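In our numbering, the protein residues as written are 13 to 167.
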């Protein structure tokens, strides 16, 4: 049984492995940190957030200082999909952002009886945009905006 956990990650409960939802790359033990199986790009934050004002004239430029901040980007080594990004102080190890009780997760899905990949239908795939836009369109249709006739009726 494969359970989607994020847009690009799933846990295969039969093998207890983290798997890429794009190319099926195995990131490692699902009881551990999937980030250990990724390619990591340690970015200079100024590449992402360039100075807004002239760094020659001003000490503080609205750009993160690389002596206090770094950006780690985590990529699938097989297909190159970016899985995650995080801002950390230099020298800080990558965070553990998901730690799951695999036995409990398996038990809940067995009780549920459904196919997790059909029930949890977000993420990559040809229908991902269509599915999400349909949900957002239905929300827009029920927004709180009123037509001119609605607001002037009875006045």
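Cβ coordinates follow ideal geometry from the N, Cα and C atoms, glycine included. All values reported here derive from a predicted model rather than from experimental measurement.
Residues of the same chain with a CB within less than 6 angstroms of the CB of residue 19, apart from the 5 flanking positions on each side, are 135 in chain order.
Secondary structure note for residue 43: it is in no beta strand (DSSP E), with a DSSP letter that is neither H nor E. Closest option to residue 90, judged by alpha-carbon separation, among 130, 32, 25 and 26: 32.
For residue 112, the three-state secondary structure derived from DSSP is coil.
In the structure shown, residue 16 adopts extended strand secondary structure according to DSSP, grouped into three states. Here residue 49 is buried: its Cβ has 16 or more other Cβ atoms, across all protein chains shown, within 10 Å. C-alpha of residue 130 to C-alpha of residue 27: approximately 19 angstroms in a straight line.
Inclusion of residue 84 and residue 54 in the CB contact set at 8 angstroms is warranted, their separation being smaller than that value. The secondary-structure analysis by DSSP pairs residue 28 with nothing; it has no beta-bridge partner. Checking the DSSP bridge columns, you'll see residue 53 partnered with 85. Burial state of residue 15 is buried, judged by a 10 Å Cβ sphere holding 16 or more other Cβ atoms. According to DSSP, residue 95 shares a beta bridge with no other residue.
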